[in-house]
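All remarks here apply to the structure that follows.
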Amino acid sequence: KLMVVVERYPELKANKNFLELQSQLEGTENRINIARNRFNEAVNVYNKHIKIFPNNIFAGFLGFDEMSRYQADPGSEKAVDVNFDFGKKKE
């Protein structure tokens with residue numbers, strides 16, 4: 018979606034602030050993906066750990082249930098609308 022905006026406003030490609038914003042957004046997406054993967058890996062380890070003997074006895078006694086892996090909500094892969102029409106009236 019951001020690239021569509023760049024196509025409509027080619028002068029943004031040369032704008033230092035826009036390039037910094039684009040870099041920050043990419044970095045943020047990468048950090049979110051890394052955190053999501055680490056969370057899912059930790060959930061896998063936890064779920065395996067509470068299933069093996071004798072951990073399963075203690076887990077059941079103490080109420081440690083199996084956890085769900087992170088799954089994004091349907092439609093969350095869509096890019097956020099970014100409006101760069103500052104000061105322009107909407108039609």
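Here the sequence shown is numbered in the working numbering, starting from 18 and rising by one per residue. For glycine and all other residues, C-beta sits at the position ideal for the given N, C-alpha and C. Predicted, not measured: the structure shown is a model, and the values here were computed from it.
CB contact flag (residue i, residue j, <9 angstroms)
| i | j | result |
| --- | --- | --- |
| GLU58 | LYS68 | no |
| ARG86 | ASN47 | no |
Limits of the alpha helix (DSSP H) - the one that residue i falls within
| i | result |
| --- | --- |
| SER40 | 33-66 |
| PHE75 | 72-79 |
Among the options, the one whose alpha carbon lies nearest that of residue i
| i | options | result |
| --- | --- | --- |
| ARG53 | LYS95, GLN88 and SER40 | GLN88 |
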